[in-house]
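One structure is given here, and the rest of the page talks about it.
There are 2 protein chains.
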Amino acid sequence: MRNKFFLIATIILCSSGMANGRQNDSLVIKRLSDEIMSNSTAYENLRYLCKKIGPRLSGSANAQLAIDATAKMLRQAGADTVYLQPCMVTHWERGAKETGFIQLANGTKYPLRLTALGNSVGTGKNGVKASIIEVRSMEELQALGEKVIKGNIVFFNIAMNPTYVRTFVAYGTNGGGRRSGPAQAAKYGAIGVMVRSLASNIDDHPHTGATQYNDSFPKIPAVAISTQDAEWLSSQLKRKMQLTGYFKTNCTMFPDVPSFNVIGEIRGSEFPQEILSVGGHLDSWDLAEGAQDDGAGCMQSIEIIRAYKALGLRPKRTVRAVLFMNEENGGGGGAAYLRMAKEKNEQHIFALESDGGGYTPRGFNLDMSEGRRNKVKQWAPLFYDYGVYDFAGKGSGSDIAPLKNIGTALAGLSPDSQRYFDLHHAETDVFEAVSKRELDLGAVNMAALMWLVSEYGL
Amino acid sequence: MRNKFFLIATIILCSSGMANGRQNDSLVIKRLSDEIMSNSTAYENLRYLCKKIGPRLSGSANAQLAIDATAKMLRQAGADTVYLQPCMVTHWERGAKETGFIQLANGTKYPLRLTALGNSVGTGKNGVKASIIEVRSMEELQALGEKVIKGNIVFFNIAMNPTYVRTFVAYGTNGGGRRSGPAQAAKYGAIGVMVRSLASNIDDHPHTGATQYNDSFPKIPAVAISTQDAEWLSSQLKRKMQLTGYFKTNCTMFPDVPSFNVIGEIRGSEFPQEILSVGGHLDSWDLAEGAQDDGAGCMQSIEIIRAYKALGLRPKRTVRAVLFMNEENGGGGGAAYLRMAKEKNEQHIFALESDGGGYTPRGFNLDMSEGRRNKVKQWAPLFYDYGVYDFAGKGSGSDIAPLKNIGTALAGLSPDSQRYFDLHHAETDVFEAVSKRELDLGAVNMAALMWLVSEYGL
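Right under this line is the structure:
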């Protein structure tokens, strides 16, 4: 009887302790939200990054300007330590603007809105000119084979499927043309590739993005054309028009060059050796200001440091904001981060990346063991007031993914994805496309999750 | 024993029946989603409404053009019946563009970006000129009283509180200056009112909106100034600057005029006498294209009719798309809708309004009895795949609110609200501010909810 009473008393006390803890967490998160929604500097920092610096492809002069500027932002945010972590990065240059057209049998030329795919080879000064073969899948390419493909330009007309409510699913499912189309087409003797831009909407802006060659086959030049042009081109081909395509790209792949990840941290008060990273990537495609992709994630990460400092919140574990270099076309920054972690034998408990745009946050994707996942899910109710409710997604972010190698629990902010592929990797990814409140609300939820992990570990 | 077995068997059969029903509902909703996300005409219809017609304040020639155009859209969508429902609407005209400035003691004049509040009286040809008294609340106005206020211009500098994650809460809480400020200031002898625009962001666009006079006090002219100007003006006043304000408005309130609600319906197959309404409001402020407010809600409502027809889905109950006139500055359309419902003794089971913008949907606000609310909430899991999870909100929409009078269960689409008050009632509420996918996803969820109510009643 006495034991039973003791047991019940213990349960009550524990529950009450948990409830108090929960209540206290809730208050801290409310303070973080109020601070960030009222005084965030993320939006003005993003304005600077986009408007004063602009595009910042790895290895470019602008990338170095962005490194210097964000290191300064991290110092202004109040980070205990700010430093640059060396890494080697891809150095690809677009060169002069690309040109291209479709020529009808009667000689009429229709100019195309196009852009070279990232990391692709240039055409040389004469460009490539050949008949256009449209395919809608890798299977169709394979079925046509060398007999049809050889000596021609393959047009991968694979639209993003609009019925996927989560647009990243369409990006993954329908992105093969850009990612491996040139390598696959080369296998069958194609001399060039045009891909339909990976975009949700029908418009005039070509969307670039990295393609990956296969060393067993020739590297052939490749461009993305606007979805509008893709629709038009396909309609022409349907009418059995005999079409010749031409394009000229002027890009060059150079040897890797040294660059940096930018890091700012607050040292943990109790377990400083346990490191929690939060970041985005600092490099962007050369076409755009890289506002949503991924200036937003970088500025949110800096904002977390600023908000903790402004509120005098000292995390128990070390919280590190990491602005990774070279996510777009090489992954040099993420690789270096893992390498240094191993060399220094650092304990990386948790890493969070924001690389889905600074849109209204809706959840966190979790890439971790079931036990850790359940621990995070227990915190879910703390996020409801801030619009985050979905913890079912998998995955994290490509810069932090290498940390899986050392057992780090990973997560990715999952913002609303409806508008992302309207502007992704296109010239429309500019500061004006970012909403201040949406950006800040992402930072609020990220700050909350980082705080909970810093308090309780995983 | 036999009875117990029977009971269990019944429970199993019922559960299984429910599971089958649920599964079937899930399939219908998936079909609706695929149809709308692939073939919706809402976005192109909205383009027409915004770009070919544009602003459409009640009583204007454009409002009539919008009536004709949307009736045509409803016919094209395949509605069984399309008709215009007469209503009387407010007829207020802005007249020539407003002007105004702040004059410093040294005579320097700073022009203000301002707009007359909806339904406000004009200043007359001389405008109003007086000292500026800043207040931050109704309590402050009251405390200053007639002694300070009389003969002056009151400046209601009440910012939308950025810490409310749901921006509609700030709009409600901080909107008194616009809604009743002129009436309150007149009580203490003010000769004019300037209100800080009800906007989430700091920018240069004044936001209009209706104000309501109190017949016991004089009707004094009133303008909204941009948030940027409000910040500047307040900073000048803090420096104890002696400031004179001037503004001239040219607006006139005319007697009410006849207009119409636009209605298109699909007759129910089993219970045609039970009416389910879904709508938005067709009128918009004269400054803007009224894209998010509320062209979006109208086009979504038409899209529901189109999608049902395209899929051959015949609802059991009558589904009626209603485009209400005069929501912005009088409510004549909503009042007429109720009056006609009463006159015809119609059974209005349910009404849904979309008037929070065509942003990504996150939930439905419910204004109905607890029993009905619980019934709707049971359907919640059917919406998760389409981004809707929040059924906790209260309220519905101002056009359908009168139906409460006859016991109708009401609901409102609750879209993401972060960007709404950047453009609400300002010249920035244009077609380009709408995302096709966000707009369509709202229609998907509305179509799903209307379908469930048409199948099961409430």
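Sequences listed follow chains A and B, in order.
Just so we're aligned: the first sequence equals residues 1 to 458 in the numbering used here.
Just so we're aligned: the second sequence equals residues 1001 to 1458 in the numbering used here.
All C-beta atoms, glycine included, are put in the ideal place defined by N, C-alpha and C.
- A direct Cα-Cα distance of roughly 20 angstroms separates Asn39/A from Arg1196/B.
- Annotation for Ala401/A: no beta strand (DSSP E) segment contains it, and DSSP assigns it neither H nor E.
- Here Lys219/A is not bridged, per DSSP, to any residue.
- Counted as a single uninterrupted DSSP element, the alpha helix (DSSP H) harbouring Ile149/A occupies residues Met138 to Ile149.
- Within the stretch 1270 to 1307 of chain B, the complete beta strand (DSSP E) segments of 3 residues or longer fall at 1271 to 1281, listed in chain order.
- Using beta-carbon distances, Asn201/A counts as an interface residue toward chain B, with a partner under 8 angstroms.
- At a beta-carbon threshold of 8 angstroms, none of the residues of chain B lie near Arg196/A; the nearest stands roughly 17 angstroms away.
- Distances from the CA of Gly1332/B to each of Asp1080/B, Thr1167/B and Phe1260/B were compared; the closest alpha carbon is that of Phe1260/B.
- Going by C-alpha positions, Ile102/A is about 24 angstroms away from Ser200/A.
- If you draw a straight line from the Cα of Tyr359/A to the Cα of Asn174/A, it is about 22 angstroms long.
- For Leu1366/B against Met1450/B, the beta-carbon gap comes to about 14 angstroms, at or over 8 angstroms, which does not count as contact.
- DSSP, read as helix, strand or coil, puts Gly363/A in strand.
- Ser277/A is not a Cβ neighbour of Lys316/A, given a cutoff of 8 angstroms.
- Taking 8 angstroms as the cut-off, the beta carbon of Pro415/A is found no closer than this to the beta carbon of Met1037/B.
- Counting only runs of 3 or more residues that sit fully inside the stretch 1310 to 1346 of chain B, the beta strand (DSSP E) segments are 1317 to 1324, in chain order.
- Sequence-ordered contacts of the stretch 1400 to 1419 of chain B with chain A read Asp1416, Gln1418 and Arg1419 [C-beta pairs closer than 8 angstroms].
- Runs of the beta strand (DSSP E) lying entirely within the stretch 1214 to 1263 of chain B, each at least 3 residues long, are 1222 to 1225 and 1244 to 1248 in chain order.
- At least 8 angstroms separates the CB of Tyr48/A from every CB of chain B.
- Judged by DSSP in its simplified three-state form, Gln1184/B adopts helix.
- Taking the CA atoms as reference points, Asn157/A sits about 6 angstroms from Val135/A.
- When DSSP states are grouped into helix, strand and coil, Ser58/A belongs to the coil group.
- The shortest C-alpha to C-alpha distance from Met253/A to any of Lys436/A, Gly95/A and Arg113/A is the one to Gly95/A.
- Each residue's CA atom was taken as its position, placing Glu93/A and Leu1313/B some 54 angstroms apart.
- Per the coordinates, the alpha-carbon of Tyr43/A lies some 23 angstroms from the alpha-carbon of Ala411/A.
- When Cβ-Cβ separations below 8 angstroms define contact, Lys436/A makes contact with chain B.
- Short of 7 angstroms from the beta carbon of Lys375/A, and not among the five residues preceding or following it, lie these beta carbons of its own chain, in chain order: Leu458.
- In the DSSP assignment, Gln1085/B falls outside any alpha helix (DSSP H) and within the unbroken beta strand (DSSP E) covering Thr1081 to Glu1093.
- For Val453/A, the enclosing alpha helix (DSSP H) begins and ends at Lys436 to Tyr456.
- The C-alpha of Thr123/A is placed about 21 angstroms away from the C-alpha of Ala230/A.
- Rounded to whole angstroms, the separation of the alpha carbons of Tyr1386/B and Thr167/A is 12 angstroms.
- Looking at the DSSP output, Pro415/A shares a beta bridge with Pro361/A.
- The DSSP-derived three-state label of Thr408/A is coil.
- Here Glu1274/B is near Gln1347/B, since their CB atoms are less than 8 angstroms apart.
- In this chain, the alpha helix (DSSP H) harbouring Val1376/B covers Glu1370 to Gln1378.
- The residue from Asp1080/B, Val1319/B, Ile1153/B and Val1169/B with its alpha-carbon nearest to that of Gly1393/B is Val1169/B.
- The Cβ atoms of Gln1300/B and Gly1330/B lie no closer than 8 angstroms to each other.
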